[in-house]
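Participant: Got a structure here, written out as structure tokens. Questions coming.
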Amino acid sequence: MRHQELLDAVTDGVQRVEDLARALGISPSTVRRGLAELEQAGKVVRTHGGAVPAPAGGELSWTQKSLRHAPAKRRIAACAADLVQDDHVVLLDAGSTTTFIAERLAQRSGPTVVTSGLGPMTALHDAEGIELIVIGGRVRRRRGSIVGDYARGVLDRITADIAFIGADGIVPGRGVNCPSPELAAMKELQMRSARTVVVVADSSKVRAEEYAYWAVLPGHYVLLTDDGISAEDTRLLDADPACELRVVETAGGPNTPAATD
Numbered sequence: 000m001r002h003q004e005l006l007d008a009v010t011d012g013v014q015r016v017e018d019l020a021r022a023l024g025i026s027p028s029t030v031r032r033g034l035a036e037l038e039q040a041g042k043v044v045r046t047h048g049g050a051v052p053a054p055a056g057g058e059l060s061w062t063q064k065s066l067r068h069a070p071a072k073r074r075i076a077a078c079a080a081d082l083v084q085d086d087h088v089v090l091l092d093a094g095s096t097t098t099f100i101a102e103r104l105a106q107r108s109g110p111t112v113v114t115s116g117l118g119p120m121t122a123l124h125d126a127e128g129i130e131l132i133v134i135g136g137r138v139r140r141r142r143g144s145i146v147g148d149y150a151r152g153v154l155d156r157i158t159a160d161i162a163f164i165g166a167d168g169i170v171p172g173r174g175v176n177c178p179s180p181e182l183a184a185m186k187e188l189q190m191r192s193a194r195t196v197v198v199v200a201d202s203s204k205v206r207a208e209e210y211a212y213w214a215v216l217p218g219h220y221v222l223l224t225d226d227g228i229s230a231e232d233t234r235l236l237d238a239d240p241a242c243e244l245r246v247v248e249t250a251g252g253p254n255t256p257a258a259t260d
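Numbering-wise (numbering that gives the first Met the number 0), the sequence shown opens with residue 0 and increments by one.
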């Protein structure tokens, strides 16, 4: 099978695995392998049961990012929410995984949540048991984030018990990869304002460095990721004295058919 034929079919609107298999006369497992390779090339975004074309021009929106590796992200979010106690003040970064954390916390009563993300804000808007504080500033709609100098005025006056930080990539000894210096600065502010920092990133983000900008990690942080992480990446993270690695069990990690379809 040529990948271009599969990509053309997805672009033309045939986006479920079963439909693609019938249209191209190939097996569903062959479709899944092809979609996985197209996703690695940045051509498609995996969804539950299929794929959609990747956006032209690069950066995915936060809603599109929520479709990528969603089962692994939800398992990470469930474990992250379990770290929150009812009297905690929680900082939630913008992002898809942090939005899944917010959905979990919406069922709770007691925590105070401070967020710079439109996703977490929306998830917690009607949560009567949560005291919700939204960091002010300029809205970056594509990223679903709030940035700018207004945020510093809020974060300089808060000491959170725990901060959950999203990542486009994380590299031991380097930091959290970000698509803009504004987002990098926001992540650093949030990390400096919390007693405990937890980076929530599925295993595809480990050692990913797509962008030119970095948020510097604090002296100690927890990395919460899934069991799709490679042995080499595990070794490197374990060798980083600043990193406390915690691996969440999934159906085999985000890059396997069982976890993405």
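Note that the Cβ used here is the ideal one computed from N, Cα and C, for glycine as well.
Computed from a predicted model, the values in this text were never measured in an experiment.
Whole angstroms are fine: how far does the CA of methionine 190 sit from the CA of arginine 21?
Facilitator: Within the sequence shown, residue 21 is the residue found at index 22, counting from 1. Within the sequence shown, residue 190 is the residue found at index 191, counting from 1. Between arginine 21 and methionine 190, the C-alpha separation is close to 49 Å.
Participant: Using the C-alpha atoms, what's the distance from alanine 77 back to glutamate 17?
Facilitator: Here residue 17 corresponds to residue number 18 of the sequence shown, with the count starting at 1. Here residue 77 corresponds to residue number 78 of the sequence shown, with the count starting at 1. The alpha-carbon atoms of glutamate 17 and alanine 77 are separated by roughly 30 Å.
Participant: Return the first residue and the last residue of the alpha helix (DSSP H) that leucine 182 is part of.
Facilitator: Against the sequence shown, residue 182 aligns to sequence position 183. Here the alpha helix (DSSP H) through leucine 182 covers 180-191.
Participant: Run through DSSP, which three-state label would alanine 214 get?
Facilitator: For the purposes of this step, residue 214 is identified with residue 215 of the sequence shown, where counting begins at 1. Correct three-state label for alanine 214: strand.
Participant: Given this structure, state the Cα-to-Cα distance separating valine 215 from leucine 182, to the nearest angstrom.
Facilitator: Stepping through the sequence shown from its first residue, residue 215 is reached at position 216. Stepping through the sequence shown from its first residue, residue 182 is reached at position 183. Taking the straight line from one Cα to the other gives about 12 Å.
Participant: Taking only three categories from DSSP, how would you classify threonine 96?
Facilitator: For the purposes of this step, residue 96 is taken as residue 97 along the sequence shown, with counting starting at 1. In this structure, threonine 96 counts as helix in the three-state DSSP scheme.
Participant: Name, in chain order, the residues that DSSP records as bridge partners for glutamate 130.
Facilitator: The sequence position of residue 130 within the sequence shown is 131, counting from 1. Paired residues: Thr111.
Participant: For glycine 24, count neighbouring Cβ atoms within 10 angstroms of its own Cβ and tell me buried if that reaches 16, exposed if not.
Facilitator: Counting from 1 along the sequence shown, the entry for residue 24 is found at position 25. It counts as exposed.
Participant: To which residues of the same chain is glycine 136 closer than 7 Å at the C-beta, ignoring the five residues directly before and after it?
Facilitator: Here residue 136 refers to the residue found at position 137 when the sequence shown is read from its first residue. So the list reads Ile145, Val146, Gly147, Tyr149, Ala150, once near-sequence residues are dropped.
Participant: Once the 5 residues before and after arginine 234 are set aside, which same chain residues still bring their CB inside 6 Å of it?
Facilitator: Numbered from its first residue, the sequence shown carries residue 234 at position 235. Same-chain partners within the cutoff: there are none.
Participant: Please return the same chain residues whose Cβ sits closer than 7 Å to the Cβ of tryptophan 213, not counting the five positions on each side in sequence.
Facilitator: Locating residue 213 in the sequence shown gives position 214, counting from the first residue. These residues qualify, in order along the chain: Arg173, Gly174, Val175, Asn176, Cys177, Ala183.
Participant: What does arginine 15 pair with, by DSSP beta-bridge criteria?
Facilitator: Working through the sequence shown from its first residue, we reach residue 15 at position 16. Per DSSP, Gly49.
Participant: Are three or more beta carbon pairs between the region 124-132 and the region 201-213 nearer than 8 Å?
Facilitator: In short, these stretches do not touch, since the Cβ pair count stays below three.
Participant: State the CB to CB distance for the pair alanine 241 and glycine 218, rounded to an integer number of angstroms; the pair is presumed to be in contact (CB under 8 Å).
Facilitator: Position 242 of the sequence shown, counted from the start, is the residue given in the question as residue 241. Position 219 of the sequence shown, counted from the start, is the residue given in the question as residue 218. Yes, they are in contact, since the Cβ atoms of alanine 241 and glycine 218 sit about 6 Å apart, within 8 Å.
Participant: Compare the beta carbon distance of aspartate 45 and valine 83 with 9 Å and say whether it is the shorter of the two.
Facilitator: For the purposes of this step, residue 45 is identified with residue 46 of the sequence shown, where counting begins at 1. For the purposes of this step, residue 83 is identified with residue 84 of the sequence shown, where counting begins at 1. Residue 45 is actually arginine in this sequence, not aspartate. Their beta carbons are not under 9 Å apart, which means arginine 45 does not touch valine 83 by this criterion.
Participant: Grouping DSSP H, G and I as helix and E and B as strand, with all else coil, what is threonine 233?
Facilitator: Here residue 233 corresponds to residue number 234 of the sequence shown, with the count starting at 1. Residue state, collapsed to three classes: helix.
Participant: Please classify serine 115 as buried or exposed, where buried requires at least 16 other C-beta atoms within 10 Å of its C-beta.
Facilitator: Counting from one through the sequence shown, the residue named residue 115 turns up at place 116. Buried is the call here.
Participant: According to the Cβ coordinates, are alanine 230 and valine 170 closer than 9 Å?
Facilitator: Indexing the sequence shown from 1 puts residue 230 at position 231. Indexing the sequence shown from 1 puts residue 170 at position 171. It is not a contact, given that the beta carbons lie outside the stated cut-off.
Participant: Note the first and the last residue of the continuous alpha helix (DSSP H) segment covering aspartate 148.
Facilitator: By 1-based counting over the sequence shown, the position of residue 148 is 149. Segment 148-154, the alpha helix (DSSP H) holding aspartate 148.
Participant: If I'm right that leucine 166 touches valine 196 with Cβ under 8 Å, what's the distance once you round it to whole angstroms?
Facilitator: In the sequence shown, counting from the first residue as 1, residue 166 sits at position 167. In the sequence shown, counting from the first residue as 1, residue 196 sits at position 197. Note that residue 166 is alanine in the sequence shown here, rather than leucine. Contact flag wrong, Cβ pair sits at about 12 Å.
Participant: Is it the case that the region 98-107 contacts the region 151-161, given that we only count it when at least three CB pairs across the two stretches are under 8 Å?
Facilitator: Contact fails: fewer than three Cβ-Cβ distances are below 8 Å.
Participant: How long is the line joining the alpha carbons of glycine 152 and glycine 12, rounded to whole angstroms?
Facilitator: Within the sequence shown, numbered from 1, the residue matching residue 152 stands at position 153. Within the sequence shown, numbered from 1, the residue matching residue 12 stands at position 13. If you take the alpha carbons of glycine 152 and glycine 12, they lie about 46 Å apart.
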